[in-house]
Amino acid sequence: MASIFGFRSRDPARDRHTDLQRLDRLAKLFDQIAAEIEAEKSGLENRYRSTAANAAFLVEAMENGSASTSKGSDVSAMTNSILNCERRIAELVRQKGLVKELRHSLDAIVEDGADRSAPQSAARG
């Protein structure tokens, strides 16, 4: 499109294509981050279960007399590890929710842009 001042603007379809490419890269980044969060959470949950089971067996062994009561420091260390896992898992759940919200917002932006460009395409056709 040319104006009387010689300024040329880009075709709106080209702008839309550029925008979609940019937003697609952002969507892929959100998906990658969500996958990283899920992988970390899954690994922590596995370690959490393992540590909790080990602590339970150790406490039971101490109560039965088959393990020294001096192992209490081991139980304490496992308890701290379990609590740290719980805190980190809660943080990862929060982060995952945030990334999910951002991803949905991005999808809404893409849909809104498609809705706004549809009337322009229809008007030209």
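Letter by letter, the sequence shown follows residues 1 to 125 of our numbering. We treat Cβ as the ideally placed atom computed from N, Cα and C, and that holds for glycine.
CB of residue i within 9 Å of CB of residue j, strictly
{"i": "Leu-44", "j": "Leu-98", "result": "no"}
{"i": "Ser-117", "j": "Ala-27", "result": "no"}
{"i": "Ala-55", "j": "Ile-82", "result": "yes"}
Simplified DSSP state of residue i, which is helix, strand or coil
{"i": "Arg-10", "result": "coil"}
{"i": "Ser-66", "result": "coil"}
{"i": "Phe-57", "result": "helix"}
{"i": "Phe-5", "result": "coil"}
Alpha-carbon to alpha-carbon, residue j and residue i
{"i": "Met-78", "j": "Glu-38", "result": "23 Å"}
{"i": "Ala-114", "j": "Ser-50", "result": "49 Å"}
{"i": "Phe-30", "j": "Asn-64", "result": "51 Å"}
{"i": "Tyr-135", "j": "Ser-105", "result": "Since the first and last residues shown for the chain are 1 and 125, residue 135 lies out of range."}
{"i": "Arg-16", "j": "Phe-7", "result": "20 Å"}
{"i": "Arg-22", "j": "Leu-102", "result": "15 Å"}
{"i": "Ala-52", "j": "Ser-76", "result": "12 Å"}
{"i": "Glu-86", "j": "Ser-9", "result": "55 Å"}
Any C-beta of chain E under 9 Å from that of residue i
{"i": "Asn-84", "result": "Going by chain labels, chain E is absent from the structure shown, which holds only one protein chain."}
- [ ] Check whether the region 59 to 71 touches the region 104 to 114, counting contact only when three or more Cβ pairs, one atom from each stretch, lie closer than 8 Å.
- [x] Put simply, the region 59 to 71 does not touch the region 104 to 114. Fewer than three CB pairs are less than 8 Å apart.
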